[in-house]
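First up is the structure itself, then whatever we jot down about it.
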Amino acid sequence: MQKQIYKTRGNKGLFDEQFNYEQLSSMGNPLDTICKVLDFEMFRPLLEAKLLNKEKKNNAGAKPFDVLLMFKIILLQRYYGLGDKQVEYQIIDRLSFKRFLGLETGDKVPDEKTVWAFREQLTKVGLVDELFDQFIGHLESNGLIFNEGQIIDASFTIAPRQRNTREENRQIKDGQGKDL
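In my numbering, the protein residues as written are 1 to 180.
So this is what it looks like as structure tokens:
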């Protein structure tokens, strides 16, 4: 028998997935940053009030995906500049996206048509601006700035802190800021 000279592959251990998540976090996963400062459950009442079909007479038919899951997918699209098909692919492919969305390996991922339909529904009921304003407001109140961009360079930036005293702010507002 030949001596093994390389690390083994293909043998999944009990804690391998958890180890991968910890590795992602230690590398500065920006999606973890969002989850640390924002409780997405705050969006649920508004989403469910506007989007769930309360007039449904029975439980027949396909169940919809969770509204928070779908809202988070829309956030991923905007944050990383992804289309419907591309966001579906990235969710299937990327461990960090699955973690952000609360999906496990093997969970059903909404397809591109489902993502499109949800975004259209948000637009139709006029929730898009309200939700994004709330989302961005909560990030900013925690010192983060939402930088939309391509998947390779989307990031969060620590918001600059105001260092002026109240007196200096008053002087600036009075037009005497040049002297400071």
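Virtual Cβ for every residue (Gly too), placed ideally from N, Cα, C.
Computed from a predicted structure; not experimentally measured.
Neighbourhood of residue i by C-beta, 6 angstroms cutoff - its chain only, sequence neighbours within 5 removed
i    : result
V128 : L122
I136 : F146
Q77  : V87
Residue nearest to residue i in terms of C-alpha spacing, selected from the options
i    : options                  : result
K63  : E104, T114 and G81       : T114
F132 : D84, F43 and L95         : F43
K23  : Y79, R99 and Y6          : Strictly speaking, residue 23 in this sequence is Gln, with Lys absent from that position. The shortest Cα separation from Q23 among Y79, R99 and Y6 belongs to R99.
Q134 : Q176, E120, I172 and L75 : L75
Extent of the continuous alpha helix (DSSP H) run through residue i
i    : result
I91  : D84 to D93
I5   : Counting along the chain, I5 falls outside any alpha helix (DSSP H), and DSSP gives it neither H nor E.
M70  : V67 to Y80
R166 : R166 to K173
Residues near residue i in its chain [Cβ-Cβ closer than 8 angstroms; skip 5 each side]
i   : result
I73 : V87, I91, L101, P110, V115 and F118
K12 : none
Range of the contiguous beta strand (DSSP E) that encloses residue i
i    : result
I145 : L144 to N147
Inter-residue spacing [alpha-carbon to alpha-carbon] between residue i and residue j
i    : j    : result
G126 : E41  : 20 angstroms
E130 : K108 : 28 angstroms
R163 : N142 : 17 angstroms
S155 : K3   : A caution first: S155 carries a pLDDT of 47, below 50, which makes its placement in the model too unreliable to give a value.
Integer-rounded CB distance, given that residue j should sit under 8 angstroms from residue i
i   : j   : result
L47 : F65 : The pair is not a contact, with the Cβ atoms about 12 angstroms apart (cut-off 8 angstroms).
Residues near residue i by beta carbon distance below 7 angstroms, same chain, minus five either side
i   : result
F19 : none
V67 : R44, L47, E48 and L51
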